[in-house]
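A.B. asks: First the structure, which I've put down as structure tokens, then a few questions once you've had a look.
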Amino acid sequence: MNKIMKWIISFAGVLVLSFTLSTTVSASEVHDGIPTPIQGRYWSAIVSRKANSVQKHMYFYATKDGFVLKNTANGTIRCKWILYTHDYSTYVLNGSDNSDPSKAVWIFITPVKNWNTVKIGYKITSVNGEPKYPAIHYQHYTATPVSKVTAIVH
Numbered sequence: 723m724n725k726i727m728k729w730i731i732s733f734a735g736v737l738v739l740s741f742t743l744s745t746t747v748s749a750s751e752v753h754d755g756i757p758t759p760i761q762g763r764y765w766s767a768i769v770s771r772k773a774n775s776v777q778k779h780m781y782f783y784a785t786k787d788g789f790v791l792k793n794t795a796n797g798t799i800r801c802k803w804i805l806y807t808h809d810y811s812t813y814v815l816n817g818s819d820n821s822d823p824s825k826a827v828w829i830f831i832t833p834v835k836n837w838n839t840v841k842i843g844y845k846i847t848s849v850n851g852e853p854k855y856p857a858i859h860y861q862h863y864t865a866t867p868v869s870k871v872t873a874i875v876h
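Structure, rendered in structure tokens:
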């Protein structure tokens with residue numbers, strides 16, 4: 723009788739442990755839209771395309787229904803359909819390019835110093851493609867907040 727109770731308790735313990743681990747592993751959820759902390763934020767980063775080239779400003783901003791990257795090497799990129807996940811401190815946004823629906827845009831945003839600056843980067847893939855590397859590999863730019871007018875006009 724004592725062995726049977728030990729087996730039952732062991733089995734119940736394994737079930738509880740497996741359930742707990744399975745819910746912990748799936749903690750990263752995918753959401754629709756733009757994350758609330760990013761909505762209505764406008765950033766600017768200074769970019770050098772090549773050595774000894776003129777530095778340009780690149781602008782990033784998010785509205786309720788999309789994300790815009792201006793003055794990139796590929797021109798202006800606008801994404802309307804956005805999905806996102808928040809892993810650790812990095813927001814990973816995924817949307818389709820408005821000008822070319824066969825391309826997917828991955829945007830990586832990590833706040834630094836309570837959103838005073840952000841590490842930001844992007845990767846363009848095919849619709850079913852995924853970035854090969856972690857977010858930090860694509861975050862080439864450190865952006866600072868700017869006004870709405872500055873970001874939209876430039």
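With positions in the sequence shown counted from 1, the corresponding number in our numbering is that position plus 722. Backbone N, C-alpha and C define an ideal beta-carbon position, used for all residues, glycine too.
Is Ile804 near Asp819, with beta carbons less than 8 Å apart?
C.D. replies: Numbered from 1 along the sequence shown, position 82 holds the residue referred to as residue 804. Numbered from 1 along the sequence shown, position 97 holds the residue referred to as residue 819. In this structure, Asp819 does not lie closer than 8 Å to Ile804 by Cβ.
A.B. asks: Using a Cβ distance threshold of 8 Å, determine whether the region 859-873 contacts the region 760-772, with at least three qualifying pairs required.
C.D. replies: yes
A.B. asks: Residues in its own chain within less than 7 Å of Gln861 by CB, not counting five upstream and five downstream?
C.D. replies: What you label residue 861 is simply residue 139 of the sequence shown in a count that begins at 1. Same-chain partners within the cutoff: Phe830, Thr832, Lys841, Ile842, Gly843.
A.B. asks: Got a sec? Which residues, its chain only, sit under 7 Å from Thr758 by beta carbon, not counting five neighbours each side?
C.D. replies: Locating residue 758 in the sequence shown gives position 36, where the first residue counts as 1. Nothing listed; no residue qualifies.
A.B. asks: I need the straight-line Cα distance from Gly817 to Ser775, nearest angstrom please.
C.D. replies: Reading the sequence shown from its first residue, position 95 is the one you call residue 817. Reading the sequence shown from its first residue, position 53 is the one you call residue 775. Distance between the alpha carbons of Gly817 and Ser775: 31 Å.
A.B. asks: Using C-beta distances below 8 Å, list every residue in its chain close to Thr785, excluding the 5 sequence neighbours before and after it, in chain order.
C.D. replies: Here the question's residue 785 lines up with position 63 in the sequence shown. Leaving aside the five residues that flank Thr785 on each side, the residues in its chain whose CB is nearer than 8 Å to its CB run, in chain order, Ile756, Gln761, Gly762.
A.B. asks: If you count every other CB in all the chains shown that lies within 10 Å of the CB of Val827, and 16 or more means buried, which is it?
C.D. replies: Start at 1 with the first residue of the sequence shown, and residue 827 comes out as number 105. Buried, because 16 or more other Cβ atoms sit within 10 Å of the Cβ of Val827.
A.B. asks: Thinking just about the alpha-carbon of each residue, which of Ser770, Ser811, Asp787 is nearest to the one in Val834?
C.D. replies: Position 112 of the sequence shown, counted from the first residue, corresponds to residue 834. Comparing Cα positions, the closest option is Ser811.
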